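Numbering-wise, numbering that gives the first Met the number 0 puts 394 at position 395 of the sequence shown, and it's gapless, one number per residue. Everything below concerns the one structure shown next.
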Amino acid sequence: MLHAMDRWKTIIEPFRIKSVEPIRLTSVEERQAALEAAGYNLFNLHSVDVLIDLLTDSGTGAMSAEQWAGIQRGDESYAGSPSWFRFLESVQNLFPFKHVIPAHQGRAAEKILFGVVAGPGKSVPSNTHFDTTRANVEFTGAEAVDLVIEEGRHPSVIHPFKGNMDTDALDAFIRERGRESIPLVMVTITNNSGGGQPVSLENLRAVRAVCDRYGLPLFLDACRFAENAWFIKQREPGYADVAIPDIVREMAALADGMTMSAKKDGIANIGGWLAMNDDVWAEAARNLEILTEGFPTYGGLAGRDLEAIAQGLREVVNEDYLHYRIRSTAYLGEALVESGIPCVQPIGGHAVYIDAAALLPHIPALEYPGQSLAVALYREGGIRGVEIGTVMFGLHPDGTETAASMELVRLAIPRRVYTQSHIDYVIEVVRWVAERAADLRGYRIVAQPPQLRHFTARFEPLA
Ligand code: F0G
Numbered sequence: 000m001l002h003a004m005d006r007w008k009t010i011i012e013p014f015r016i017k018s019v020e021p022i023r024l025t026s027v028e029e030r031q032a033a034l035e036a037a038g039y040n041l042f043n044l045h046s047v048d049v050l051i052d053l054l055t056d057s058g059t060g061a062m063s064a065e066q067w068a069g070i071q072r073g074d075e076s077y078a079g080s081p082s083w084f085r086f087l088e089s090v091q092n093l094f095p096f097k098h099v100i101p102a103h104q105g106r107a108a109e110k111i112l113f114g115v116v117a118g119p120g121k122s123v124p125s126n127t128h129f130d131t132t133r134a135n136v137e138f139t140g141a142e143a144v145d146l147v148i149e150e151g152r153h154p155s156v157i158h159p160f161k162g163n164m165d166t167d168a169l170d171a172f173i174r175e176r177g178r179e180s181i182p183l184v185m186v187t188i189t190n191n192s193g194g195g196q197p198v199s200l201e202n203l204r205a206v207r208a209v210c211d212r213y214g215l216p217l218f219l220d221a222c223r224f225a226e227n228a229w230f231i232k233q234r235e236p237g238y239a240d241v242a243i244p245d246i247v248r249e250m251a252a253l254a255d256g257m258t259m260s261a262k263k264d265g266i267a268n269i270g271g272w273l274a275m276n277d278d279v280w281a282e283a284a285r286n287l288e289i290l291t292e293g294f295p296t297y298g299g300l301a302g303r304d305l306e307a308i309a310q311g312l313r314e315v316v317n318e319d320y321l322h323y324r325i326r327s328t329a330y331l332g333e334a335l336v337e338s339g340i341p342c343v344q345p346i347g348g349h350a351v352y353i354d355a356a357a358l359l360p361h362i363p364a365l366e367y368p369g370q371s372l373a374v375a376l377y378r379e380g381g382i383r384g385v386e387i388g389t390v391m392f393g394l395h396p397d398g399t400e401t402a403a404s405m406e407l408v409r410l411a412i413p414r415r416v417y418t419q420s421h422i423d424y425v426i427e428v429v430r431w432v433a434e435r436a437a438d439l440r441g442y443r444i445v446a447q448p449p450q451l452r453h454f455t456a457r458f459e460p461l462a
């Protein structure tokens, strides 16, 4: 079904702006000085020195007038606040799980969940675990395993649901490890680490069938559930006329629980939750939550945050919003692809991933082509993306270094923040840098911590 706005080529933002935040134009010389001070690590920049900040879509969205009204309404009672009940109703309207356990962000929900269900000797399969999910599984001594379909592993291969789980591999994995060692199966919607790629309802049903065969629970990492639902409506046969909230409820009905970062499709600046149907696990989770997050009716959040999330969940399933959201990300990605710039395809929901290995074939993986490209985008245009490649994944616990499987630069789009002219500017800068890609040089690392080095490592350009 054609959306009303599909008649026109121009994507208009389905909102008008009544509060603005100035962004600061800087010169190439100022940015070069900022880069040197930051050790060429974009995480070390002061954000006031960034013009267009595409580091993440997490917690960086713009709230609506109604969300700000909710902030005023927030009730800060320690227990049983009306803000909690508004949050609960809004969550359960889309995800009717019996128990909802609020948390300050997604990884806090993951920490509680895996603290309850994982541990040494256990394995948790997923389509692709996000880094914090993997880290929280591994922190308990368990193993985190990625079983995305083959198409999902190749940047240029087109597939409508590239985030799907390989259900044959899942079945084989469960048989090999034994169902007793697997506490649950996880599916990330959309698959962030795989390029913001969606998972189909058909695939979720197939995963459910495998779980049922072995009596295993299925949990969703639902950070970008609304974007996933929009892709289902657009691409999955039979869903063109189904309302987005119904698609979300259909996804939820196939699962036994979920983790959520409300910093993504909650369109809030902070927040998250863990939800499930199992009473025994929920009780254990609430006990852990009281230890680290707070009383179970606020879970590390202020009452006003609960209000912002409750309203954000109502807005994120709006079809005019989702149409704009997904089209505007595709607009950036398609413009880059048309200019011959290699990107993960098809373009995902929340970000465009540039294939730096293909764009900078003269820079070997251990000289960090993704870092080189990310630095150049900042130096030339004040745009901050993030390297997702050997800097992020190349260093191993034993101190050895190997090339990551892909060298990507992610340009993540904050929700409702930048206009089409901002994005046109990004396109112009990326094209300019790509035309001069042969001039870019690699980097070497001059200082790094033993783990998660991408946040703090310092670099030097190679001569
Ligand atoms: N799951 C997925 C799929 C995510 O993308 C993230 C965060 C989390 C869990 C953790 O949530 O940040 O609230 O603790 N992703 C951000 C990003 C950080 O930039 O992609 P959190």
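Even for Gly, the Cβ is constructed at its ideal location relative to N, Cα and C. The structure presented is a predicted model; accordingly, all values stated were derived computationally and were not measured.
Checklist entry - Q71 and I269 look like a contact to me (Cβ under 8 Å); what is the Cβ gap, rounded to whole Å? => result Incorrect: roughly 17 Å between the Cβ atoms, too far for contact.
Checklist entry - Roughly how far, in whole angstroms, is the beta-carbon of P119 from the beta-carbon of A141, given that I think they are within contact range, below 8 Å? => result 7 Å
Item to check | Distance between beta carbons of N227 and I188, contact taken as under 8 Å | outcome: 4 Å
Next on the checklist: Can you check which of these residues, F84, G73, A102, A3, is closest to L290 by C-alpha distance?
Outcome noted: A102
Next on the checklist: Let's see if you can read the secondary structure: which residues bound the beta strand (DSSP E) around R457?
Outcome noted: 457-460
Next on the checklist: Any heavy atom of the ligand F0G closer than 7 Å to the beta-carbon of S260?
Outcome noted: yes
Checklist entry - I422 and S327 look like a contact to me (Cβ under 8 Å); what is the Cβ gap, rounded to whole Å? => result 7 Å
Next on the checklist: Tell me the DSSP secondary structure of R440 in three-state form.
Outcome noted: coil
Checklist entry - Helix or strand or just coil, what does DSSP make of H98? => result strand
Next on the checklist: Between S80 and T296, how many whole angstroms is the CB-CB distance? I'm expecting something under 8 Å.
Outcome noted: 6 Å
Next on the checklist: So if DSSP puts L410 in a beta bridge, which residue, or which two residues, is it bridged to?
Outcome noted: V351
Checklist entry - How do the segment 250-268 and the segment 62-71 stand: do at least 3 beta-carbon pairs fall below 8 Å, yes or no? => result yes
Checklist entry - How many Å lie between G214 and S371 at the Cα? => result 48 Å
Item to check | Reference L203, options S122, S192, L169, G193, closest by Cα | outcome: L169
Next on the checklist: Does the segment 248-255 come into contact with the segment 373-387, if we say contact requires no fewer than three beta-carbon pairs (one atom in each stretch) closer than 8 Å?
Outcome noted: no
Item to check | Proximity below 8 Å, CB of I246 to CB of K263 | outcome: no
Checklist entry - Who are S18's beta bridge partners in DSSP? => result According to DSSP, which records beta bridges pairwise, S18 is partnered with nothing at all.
Next on the checklist: Using CA atoms only, rank isn't needed, just tell me which of R324, E318, E406 is closest to A357.
Outcome noted: E406
Checklist entry - Exposed or buried, E20, counting other C-beta atoms within 10 Å across all chains shown (16 or more means buried)? => result exposed
Item to check | According to DSSP, residues forming a beta bridge with F218 | outcome: M185, G256
Checklist entry - Out of curiosity, what's the CA-to-CA distance linking A462 and W431? => result 22 Å
Checklist entry - Would you call G380 buried or exposed, if buried means 16 or more other Cβ atoms sit within 10 Å of its Cβ? => result buried
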